[in-house]
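Here is the structure we will look at, set down as structure tokens.
Residue numbers (my numbering): 7 to 110.
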């Protein structure tokens, strides 16, 4: 169950990271409400996962899911550059997440 909680926390990290773009410095109410709510719920699920997972593994996987998801959505929706270096870097993060899962 801890890995499911961690996955949910990671997806919600992507939601709040992307949400920050829409808050315009927390000057827009509803994007700010969604972003702060996603932050709180993400931290809640991370805390639940860390009850049983090692903190280093849990935190690294959580941030990895957030980084990969945010980078991919940035390329897909915000015209972030799509370069071989970015793709290779994302693949390395995914490899690290898989390695941490297999080592736990």
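Even glycine gets a Cβ: it sits at the ideal position worked out from N, Cα and C.
Status (buried if at least 16 other CB within 10 Å, exposed otherwise) for residue i
i: residue 36; result: exposed
i: residue 105; result: exposed
i: residue 12; result: buried
i: residue 44; result: buried
i: residue 58; result: exposed
Selection from the options that minimises the alpha carbon distance to residue i
i: residue 102; options: 58, 48, 88 and 70; result: 70
i: residue 48; options: 14, 89, 79 and 32; result: 14
i: residue 108; options: 31, 67 and 28; result: 67
Range of the contiguous alpha helix (DSSP H) that encloses residue i
i: residue 19; result: 8–29
i: residue 78; result: 61–83
i: residue 121; result: In the structure as shown, the chain begins at 7 and stops at 110. Residue 121 is therefore absent and cannot be evaluated.
i: residue 51; result: 35–55
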